[in-house]
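Data first, discussion second: the structure below is written as structure tokens.
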Amino acid sequence: MSPLPPFRQVALCLLAVGVLLRQAQPFLWEAYGPERLGYPDALFAAFLLPLLAALVLPYAAYEWFAHRHRSRPASFLVRDGGFDAPVSALAGRRIIMFGLLAFAVPVTESGDHGRQLLTDRLMLPLGVMLLLVGGTMVTDALRPGPIVRLTPDHLILGGWRRTRVPWDAVARGDALPPAPGDTTFYVREIQPGRVRWHNLPVDLSHVDTAFLVAAVHHYTFHPEHRPAVGTESELRRLRQVCATADKSQVAT
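According to the UniProt record's numbering, the sequence shown is numbered sequentially starting from 1.
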């Protein structure tokens, strides 16, 4: 598998550009406002243009970058004795979207002596609320990777709180082959006295959905192959099985 595209690093850089453009708009309005350019020209050059640039430029640049890596490989990263499914381009889109939301309200306003920190009784709480909501969603998109990890003993679902599901606790009856277009999959963990459902976040994984689901199903039904998980030879074997066998046969 090729090195992981730096989706989130690129998204953070583009988000910084968008935030700077958004926060610069009030300064541009004061410098090139109606008194200097006339209202129609000032409205376009000092208001609409920087706002559109702040919104469109980060998304357009990120989509150009993500488009080059749009194909999700049917493979894992082999790391530290396990198979990793790294974070997909969707995380970067969420970083830009919610990051721009967090800084939608300018942090400065016009005062008697030029620009000053925001004090407006309406805009200040609105800005704080958007900052909290957007910041929370950006933090979630920055969750530590990998998003899914397979080890000889566990299926690990990534995030700020990693969930470890022992292979022997995965309910086999739920391990059905993926249908075309499916985007939501669940793993049922059966432990003495409790049953828990876990979402398998295939949309956030930079691994082919059918391959990821088939791999989980394969190790659910074939414990004899689990000890080799995390080795290059086992990854080659798994890829061959998933590529040549019928998906219904992979899980049986």
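Where a beta carbon is used, it is the ideal one built from N, C-alpha and C, also for glycine. Quantities reported herein were computed from a predicted structural model and do not represent experimental measurements.
Pick out whichever of the options has its Cα sitting closest to the Cα of residue i.
i           : options                        : result
ARG27       : TYR219, ARG226, ALA46          : Sequence inspection shows Phe at residue 27; the Arg mentioned does not correspond to that position. For PHE27, the nearest C-alpha among the options comes from ALA46.
VAL213      : GLU232, ARG149, GLY193, VAL19  : ARG149
GLU189      : THR163, VAL202, LEU238         : THR163
residue 256 : ARG115, ILE147, PRO86, HIS217  : Only positions 1 to 252 of the chain appear in the structure, and residue 256 is not among them; the question remains open.
HIS154      : LEU132, VAL241, MET129, VAL187 : VAL187
VAL195      : HIS67, ALA169, PRO152          : ALA169
ALA16       : PRO5, GLU35, LEU101, VAL128    : LEU101
LEU77       : LEU235, SER71, ARG36           : LEU235
VAL128      : ASP140, VAL107, ARG143         : VAL107
LEU52       : CYS242, ALA210, GLN23          : GLN23
LEU12       : SER71, MET97, GLN191           : MET97
VAL165      : LEU238, GLY33, GLN191, THR231  : GLN191
VAL138      : VAL10, ARG161, ALA91, GLY158   : ALA91
ALA215      : ARG161, ILE95, LEU43, ALA243   : ALA243
LEU14       : PRO58, GLY33, PRO5             : PRO58
VAL10       : ILE95, PHE211, LEU124          : ILE95
PRO6        : ARG161, HIS225, GLY193, LEU142 : LEU142
GLY158      : LEU124, ASN199, GLY193         : ASN199
Where residue i and residue j are concerned, what is the direct C-alpha to C-alpha distance, given to the nearest angstrom?
i      : j      : result
LEU48  : LEU21  : 11 Å
ALA228 : THR136 : 38 Å
GLY38  : VAL19  : 27 Å
ALA31  : TYR62  : 30 Å
ARG68  : THR119 : 44 Å
GLY82  : GLN116 : 53 Å
PRO50  : VAL56  : 10 Å
GLN25  : PRO40  : 16 Å
LEU122 : SER110 : 15 Å
PHE103 : LEU126 : 11 Å
ARG172 : PRO223 : 12 Å
SER205 : LEU131 : 27 Å
PHE221 : GLU232 : 21 Å
VAL241 : ARG93  : 33 Å
ARG237 : ASP84  : 16 Å
SER75  : TRP64  : 23 Å
ASP80  : THR151 : 9 Å
ASP140 : ARG36  : 44 Å
TYR219 : ARG70  : 27 Å
PHE211 : ARG239 : 8 Å
SER2   : ALA42  : In this prediction, SER2 scores a pLDDT of 46, lower than 50, which makes its location untrustworthy; no coordinate-derived value is stated.
PHE44  : GLY33  : 10 Å
TRP29  : GLY99  : 23 Å
GLY193 : PHE185 : 23 Å
Closer than 7 Å: is that where the CB of residue i sits relative to any heavy atom of the ligand PLP?
i      : result
VAL195 : In the structure on display, the ligand PLP does not appear, and there are no ligands present to speak of.
Looking at the unbroken alpha helix (DSSP H) that takes in residue i, where does it start and where does it end?
i      : result
PHE185 : Premise fails: PHE185 lies in the beta strand (DSSP E), 185-191, not in any alpha helix (DSSP H).
LEU14  : 7-31
LEU238 : 232-244
ALA215 : 209-221
In terms of residues, what are the limits of the beta strand (DSSP E) holding residue i?
i      : result
HIS198 : 194-200
PRO166 : 163-166
So residue i packs on residue j, CB below 8 Å; how close in whole Å?
i      : j      : result
ARG8   : VAL133 : That pair is no contact at about 19 Å.
ALA89  : ALA66  : 4 Å
ILE147 : PRO201 : 5 Å
ARG72  : ASP203 : Their Cβ separation, rounded to whole angstroms, is 10 Å, which puts ARG72 and ASP203 out of contact at 8 Å.
Note to self: Threshold first: 3 residues or longer. Then list the beta strand (DSSP E) segments lying entirely within the region 82-157, N to C.
What the structure shows: 82-85, 108-111, 114-117, 148-150, 154-157
Note to self: Going residue by residue through the region 35-86, where are the continuous alpha helix (DSSP H) segments of at least 4 residues, counting only ones entirely within it?
What the structure shows: 39-42, 49-67
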